Amino acid sequence: MNVFKIESSEPVVSEKHSDAYAIQMTLRDSVTLSGTGLHSGRETSVAIHPAEPDTGIVLTDGTHSVPALASNVVDTSRGTSIGLNGDRVRTVEHLMSALSGMGVDNAVVEVNGPEMPALDGSARLYVDAIQAAGLVGLEAARRPVVIDEPIYVHHNGSFILAVPAPHLSITYVLDYDHPLIGSQTASYIPSENDFAKEIAPARTFVLYEEVAALLNDGLSRGGSIENVIVIWQDRMSSDLRFPDELARHKIMDMVGDIFLCGGALQADVLAVKSGHTLNVEFAKEVERVRANKAQGDLF
Ligand SMILES: [Zn+2]
Numbered sequence: 036m037n038v039f040k041i042e043s044s045e046p047v048v049s050e051k052h053s054d055a056y057a058i059q060m061t062l063r064d065s066v067t068l069s070g071t072g073l074h075s076g077r078e079t080s081v082a083i084h085p086a087e088p089d090t091g092i093v094l095t096d097g098t099h100s101v102p103a104l105a106s107n108v109v110d111t112s113r114g115t116s117i118g119l120n121g122d123r124v125r126t127v128e129h130l131m132s133a134l135s136g137m138g139v140d141n142a143v144v145e146v147n148g149p150e151m152p153a154l155d156g157s158a159r160l161y162v163d164a165i166q167a168a169g170l171v172g173l174e175a176a177r178r179p180v181v182i183d184e185p186i187y188v189h190h191n192g193s194f195i196l197a198v199p200a201p202h203l204s205i206t207y208v209l210d211y212d213h214p215l216i217g218s219q220t221a222s223y224i225p226s227e228n229d230f231a232k233e234i235a236p237a238r239t240f241v242l243y244e245e246v247a248a249l250l251n252d253g254l255s256r257g258g259s260i261e262n263v264i265v266i267w268q269d270r271m272s273s274d275l276r277f278p279d280e281l282a283r284h285k286i287m288d289m290v291g292d293i294f295l296c297g298g299a300l301q302a303d304v305l306a307v308k309s310g311h312t313l314n315v316e317f318a319k320e321v322e323r324v325r326a327n328k329a330q331g332d333l334f
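Note that our numbering has the sequence shown beginning at 36, numbered continuously upward.
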């Protein structure tokens with residue numbers, strides 16, 4: 036069983052994230068979660084600590100630290116991995132999603148193991164932990180990630196298109212040639228939807244036909260029907276939490292991967308059949324366009 040521990044006996048409050056917050060937020064207290072890593076199958080734990088303004092999200096093994104940015108991603112096969120001191124921390128996307136969705140701008144994430152715990156395959160327990168720890172405002176203005184031109188990345192019929200907008204919105208189109216999946220579209224607008232209730236609980240899924248290949252590749256060793264929805268041609272391993280849970284999970288992944296561009300993105304995003312590889316390429320493109328713009332502004 037996965038449990039989280041609050042490292043404080045003080046009463047804590049949770050504040051719902053909204054675009055109305057103009058100040059940066061961090062956790063009120065540290066919080067620890069543990070469980071099995073989806074791919075490594077190893078027991079792993081993660082502690083999320085409060086951090087100073089303008090820290091962003093930083094991963095640490097206790098000795099070395101690295102910012103959780105797309106430029107530090109080293110692998111995107113069935114999850115997003117960030118390089119840390121020559122090693123990698125696997126499957127950071129659900130925690131990144133929970134931090135972004137709950138409006139946490141700054142946190143130090145201390146990992147003890149090669150991978151984030153899979154928990155129930157969704158971001159729900161990460162959100163519960165963040166809510167239990169509570170959020171506090173910092174004396175620093177939030178610096179949203181603003182784009183001033185459309186950004187488009189694509190690969191093999193999948194694409195992500197983002198256009199400038201005053202707030203974030205994400206529409207995701209999933210399309211599988213599979214009798215139980217087919218085409219699903221889901222949308223998420225942080226100012227209108229409740230991330231904790233509507234997006235965070237959506238779980239990871241895998242087609243039964245993919246399971247053997249994943250295990251062969253050394254992935255999904257910690258996968259079980261406790262943390263993954265397995266989909267056969269005619270049935271699923273559990274009842275769905277939402278009719279469009281699969282598309283919602285893809286949005287949850289995107290929220291986490293997009294956060295790797297270094298802050299709260301303000302754009303209308305349309306994603307069609309994208310996965311971690313394209314999501315991270317998109318976040319890198321946002322980083323690149325903004326770096327070029329900053330360079331141009333100097334002259
Ligand atoms: Zn996921």
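Yeah, the Cβ is synthetic: ideal placement off N, Cα and C, and Gly gets one too. Note that this is a predicted model, so its numbers are computed, not measured.
Grab me the residues of residue i's own chain with a C-beta within less than 8 Å of its C-beta, minus the 5 sequence neighbours each way, in chain order.
| i | result |
| --- | --- |
| Asn141 | Gln59, Met60, Thr61, Pro85, Ala86, Glu87, Pro88, Asp89, Thr90, Gly91, Ile92 and Leu173 |
| Leu130 | Val81, Ile83, Val144, Met151, Ala158, Tyr161 and Gly291 |
| Asp155 | Asn37, Arg238, Glu261 and Asn262 |
| Ser53 | Note that Ser53 scores a pLDDT of 43, beneath 50, so its modelled location is shaky; the value from the coordinates is reported in the next line. For Ser53, where only same-chain residues beyond five positions count, the Cβ hits under 8 Å are Gly138, Pro225 and Ser226. |
Could you compute how far the alpha carbon of residue i sits from the alpha carbon of residue j?
| i | j | result |
| --- | --- | --- |
| Leu160 | Gln268 | 29 Å |
| Ala282 | Ser218 | 9 Å |
| Asp210 | Val241 | 14 Å |
| Ser204 | His311 | 18 Å |
| Ala164 | Gly136 | 13 Å |
| Val47 | Asp252 | In this prediction, Val47 scores a pLDDT of 37, lower than 50, which makes its location untrustworthy; no coordinate-derived value is stated. |
| Leu170 | Ser112 | 32 Å |
| Val124 | Gly148 | 8 Å |
| Arg63 | Thr79 | 23 Å |
| Val335 | Thr206 | With the chain covering 36 to 334 only, the question about residue 335 has no answer from this structure. |
| Arg256 | Val246 | 10 Å |
| Ile345 | Ser309 | Since the first residue of the chain shown is 36 and the last is 334, residue 345 is not available in this structure. |
| Pro102 | Ile234 | 25 Å |
| Ser272 | Gly258 | 12 Å |
| Asp110 | Pro199 | 28 Å |
| Asp96 | Phe277 | 36 Å |
| Val304 | Leu119 | 29 Å |
| Leu275 | Asn228 | 19 Å |
| Arg270 | Gly70 | 27 Å |
| Lys232 | Arg325 | 32 Å |
| His74 | Leu300 | 29 Å |
Please classify residue i: is it buried, with 16 or more other beta-carbons within 10 angstroms of its beta-carbon, or exposed?
| i | result |
| --- | --- |
| Leu215 | exposed |
| Thr98 | exposed |
| Gly72 | buried |
| Lys285 | buried |
| His190 | exposed |
| Asp332 | exposed |
| His213 | exposed |
| Arg77 | exposed |
| Glu184 | exposed |
| Ala248 | exposed |
| Gly192 | exposed |
| Glu42 | For Glu42, the pLDDT reaches just 42, beneath the cut-off of 50, and the residue's location in the model is therefore unreliable, although a value from the coordinates is still provided. Exposed. |
Looking only at its own chain, which residues have a Cβ that is under 6 Å from the Cβ of residue i, when we skip the five neighbours before and after it?
| i | result |
| --- | --- |
| Phe317 | Val188 and Ile195 |
| Thr220 | Val208 |
| Gly121 | none |
| Ile224 | Ser204 |
| Ala329 | none |
| Ser100 | Val93 |
| Asp279 | Gln219 and Ala221 |
| Glu128 | Thr115, Asp288, Gly291 and Asp292 |
Among the options, whose alpha-carbon lies nearest the alpha-carbon of residue i?
| i | options | result |
| --- | --- | --- |
| Asn314 | Ser132, Leu94 and Asp64 | Ser132 |
| Ala153 | Pro179, Thr126 and Ala176 | Thr126 |
| Met287 | Leu94, Ala306, Leu170 and Ser65 | Ala306 |
| Glu320 | Ala197, Glu227 and Pro149 | Ala197 |
| Ser226 | Pro236, Glu184, Leu249 and Pro201 | Pro201 |
| Ala57 | Asn147, Pro179, Val263 and Leu170 | Pro179 |
| Leu68 | Asp96, Val146, Glu233 and Asn327 | Val146 |
| Asn327 | Leu119, Ile182 and Gln301 | Ile182 |
| Ala176 | Glu322, Gly298 and Leu134 | Gly298 |
| Ala302 | Pro236, Arg276 and Phe294 | Phe294 |
| Val139 | Phe230, Glu322 and Asp274 | Phe230 |
| Ala108 | Cys296, Leu300, Val324 and Val304 | Going by the sequence as given, residue 108 is Val instead of Ala. Of the candidates Cys296, Leu300, Val324 and Val304, the one whose C-alpha sits nearest the C-alpha of Val108 is Cys296. |
| Leu134 | Ala168, Ser106 and Arg323 | Ala168 |
Below 7 Å CB to CB, which residues in the same chain sit around residue i once its five sequence neighbours on both sides are set aside?
| i | result |
| --- | --- |
| Tyr243 | Val265, Ile266 and Trp267 |
| Glu45 | The predicted model places Glu45 with a pLDDT of 40, which falls under 50 and marks its position as unreliable; any figure quoted below should be read in that light. Answer for Glu45: no residue qualifies. |
| Asn105 | Correcting the residue type first, residue 105 is Ala in the shown sequence and not Asn. Taken in chain order, the residues that qualify are Leu295, Cys296, Val315, Ala318, Lys319 and Glu322. |
| Pro236 | Ser157, Arg159 and Arg276 |
CB of residue i to nearest heavy atom of ligand 3: below 7 Å?
| i | result |
| --- | --- |
| Asp212 | Ligands displayed in this structure: ligand 1; ligand 3 is not among them. |
For a cutoff of 8 Å on Cβ pairs, would you count residue i as touching chain B?
| i | result |
| --- | --- |
| Ala57 | The structure shown has no chain B; it contains just one protein chain. |
- Length-filtered (3 minimum) beta strand (DSSP E) runs lying within the region 109–160: 116–119, 122–124 and 142–147
- Message: As an exercise, report each continuous beta strand (DSSP E) stretch of at least 3 residues that is fully enclosed by the region 156–204, in chain order.
- Response: 170–176, 186–190 and 193–199
- Item | Every unbroken alpha helix (DSSP H) within the region 228–298, with a cutoff of 4 residues, ordered by chain | 243–251 and 280–293
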